[in-house]
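First comes the structure, then the notes that go with it.
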Amino acid sequence: MCLGFYRFGPDGASWDDAGSCTPPRLGYTVDDAILQLTGQKDLAKIALKALMGILILHPIACGLVFLSLLASLVTTWHPVRALNVISLIAVILSAVAATIVFVIDIVLIPIARQKVEEATKNALTVALGNGAWMTLGAVAALWLGVIGASVIACGCFGCGKRRGRRAKKNQYGGAEKLHSLDNGSSATATEMSPRQRNKVSRRATIAGPQNIILGGKTVIASGAIIRGDLRRTGTGSAVVISLGRYCLISEQCIMRPPYKTYRGNFNYYPMKIGDHVHIGAGTVVEAATIGNHVEIGKNCVIGKFTIIKDCAKIDDNSIVPPNTVIPALARFGGSPAQFIEELPESTMENVEIHTKGYYSRFQPQEPAGH
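In structure tokens form, the structure reads like this:
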């Protein structure tokens, strides 16, 4: 009589005598012929009782993984915060289920092996296959997925920049949407946000305020025009213009998102402005991106889809052509704007001091007779 051992894993059980094996099959029922040879008719009951629960948990874990994958795909296709939360819950449940399965594989199977060996007097043994280590890899991947889903759901985009660390305490980035400004009012008082302490003149024209984000401690002076109503058609983000912290929009500035016609379709594109940016009076801005610590002078024209990088400066009365890229730490001026000189490394600190001081000193102009 040639005896070997049974292999138990998530795929079932198989008999191994180092020469030939019974084919793997679903479940832990031991072959009757083997039971007759060993004289252990109750072995099947022992195996079923000790191991069948593990077999059931594996497909449950797989099903939860599939649900989390499906939720992630739906979130990618239609980015809604509620779907991000559902995806996070699904991946957490998947990770917990897979962890439980792995712990059972590692802890309970050796216990079952001991019982089988005692019952058969070492005639049979239970051995772990590769399935347990595959489960370990899946567990590690799922917990990494939990971290990623948590970052997305909470809006914590750790990009290493100050702006990124401040980004999105809520759906719109730690910043605040404009909802209730009394635009068009004849009053000259300034609207002070109670949470982010933005100072927005009631004489400023804010079109489509629901599509505009203010990062906090931003000043929008009297006569400024911000066109949040010029929004791209179709689905996607509703944010048209995003301003970072300590952005100073001076009197009579006009800010409107860039636009172009592509394949016969006319569309507007979002405008993103970083922290500590001062835009001078009477300037028209249609840029795509303005970085951090940027100074733009008075009566300038910033063409469509212009990109202005960190710590750059644009002189007064300059015209920047469309699609221009202004490098970091560069001073530009003229019509059309051209490179003048490289700025010192202290520019970032100097601009930050300037914008903070401007914000703290800013007072709304009261009408005559008040």
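With the numbering used here applied, the sequence shown corresponds to residues 174 to 543, in that order. The C-beta atom is built at its ideal place from N, Cα and C for all residues, glycine as well.
Residue 440 and residue 406: beta carbons closer than 8 Å? yes
Self-check item: Local Cβ density within 10 Å of residue 386, reported as buried at 16 or more and exposed below that
Solution: buried
Subject >> Euclidean distance between Cα positions of residue 319 and residue 417 >> reply: 29 Å
(message) Pull the bridge partners of residue 505 from the DSSP assignment, please.
(response) 487 and 512
**Item:** For residue 490, the nearest candidate out of 284, 469 and 498 (CA to CA)
**Value:** When only C-alpha atoms are compared, the closest one is 469.
Practice prompt. Look up residue 451 in the DSSP assignment and give the residues it is bridged to.
Written response: 421 and 468
| query | Is it right to say residue 154 is buried, meaning 16 or more other beta carbons lie within 10 angstroms of its own, or is it exposed? | reply | A query on residue 154 cannot be resolved here, the shown segment of the chain reaching from 174 to 543 and no further.
Q: Can you have a look at residue 344 and say buried or exposed, based on whether 16 or more other CB atoms are within 10 angstroms of its CB?
A: Because residue 344 carries a pLDDT of 34, less than 50, the predicted location of this residue cannot be relied on, and no value is offered for it.
Practice item. List the DSSP bridge partners of residue 314. Key: Answer is none; residue 314 lacks a bridge partner.
Is residue 416 helix, strand or coil when you go by DSSP? strand
Query raised in the report: Between the Cα of residue 383 and the Cα atoms of 375, 472 and 400, which residue gives the shortest distance?
Result: Taking only the C-alpha atoms, the option nearest residue 383 is 400.
Review point. Would you call residue 510 buried or exposed, if buried means 16 or more other Cβ atoms sit within 10 Å of its Cβ?
Key: buried
### Message
Could you pull the DSSP bridge partners for residue 280 from this structure?
### Response
Answer is none; residue 280 lacks a bridge partner.
Original post:
By Cβ distance below 8 Å, which residues in the same chain neighbour residue 484 in space, the five residues on each side in sequence not counted?
Top reply: In chain order, 464, 465, 466, 467, 501, 502, 516, 520, 521 and 524 place their CB closer than 8 Å to the CB of residue 484, counting only its own chain and leaving out the 5 sequence neighbours on each side.
- Query: Are residue 450 and residue 428 closer than 8 Å when you measure CB to CB?
  - Reply: no
| message | Does residue 268 come out as helix, strand or coil in the three-state DSSP assignment? | response | helix
Bridge partner(s) assigned by DSSP for residue 405: According to DSSP, residue pairing for residue 405 in a beta bridge does not occur.
Practice task
Output the boundary residues of the alpha helix (DSSP H) element that contains residue 520.
Solution key: 520-534
### Query
In whole angstroms, what is the alpha-carbon distance linking residue 507 and residue 313?
57 Å
Taking buried to mean at least 16 other C-beta atoms within 10 Å of its own C-beta, is residue 543 buried or exposed?
Interpretation of residue 543 is limited by its pLDDT of 44, a score under 50 that renders its predicted location unreliable; no figure is taken from the coordinates.
Worksheet item: Applying the criterion that 16 or more other CB atoms from any shown protein chain within 10 Å of the CB defines a buried residue, is residue 241 buried or exposed?
Response: buried
Item checked: Cβ-based burial, residue 332 [other Cβ within 10 Å; buried from 16] -> Low per-residue confidence applies at residue 332: pLDDT is 40, beneath 50, and the placement is therefore not dependable, though the value from the model is reported in the following sentence. Flag for residue 332 reads exposed.
Self-check item: According to DSSP, residues forming a beta bridge with residue 439
Solution: 434
### Enclosing beta strand (DSSP E) for residue 380 [first to last residue]
378-380
inquiry  = Considering only their Cβ atoms, is the gap separating residue 512 from residue 496 smaller than 8 Å?
reply    = No, Cβ-Cβ distance for residue 496 and residue 512 is not below 8 Å.
Self-check item: Beta-bridge partners of residue 445, as assigned by DSSP
Solution: 415 and 462
Exercise. Going by beta carbon distance, what residues of the same chain come within less than 6 Å of residue 487, once the five residues before and after it are set aside?
Worked result: 469, 470, 473 and 505
Express the C-alpha separation of residue 308 and residue 264 in angstroms, rounding to a whole number. 15 Å
In this structure, does DSSP put residue 323 in helix, strand or coil? helix
Next on the checklist: Can you tell me where the beta strand (DSSP E) holding residue 374 begins and where it ends?
Outcome noted: 372-374
ask   = Distance, Cα to Cα, residue 425 vs residue 397?
value = The alpha-carbon atoms of residue 425 and residue 397 are separated by roughly 4 Å.
Where residue 400 sits in the DSSP three-state scheme: Under the three-state reduction of DSSP, residue 400 is assigned to strand.
Return the CA-CA distance between residue 531 and residue 447, expressed in angstroms with no decimal places. 17 Å
Handout entry: residue 428 - partner residues in DSSP beta bridges
Key = 399 and 458
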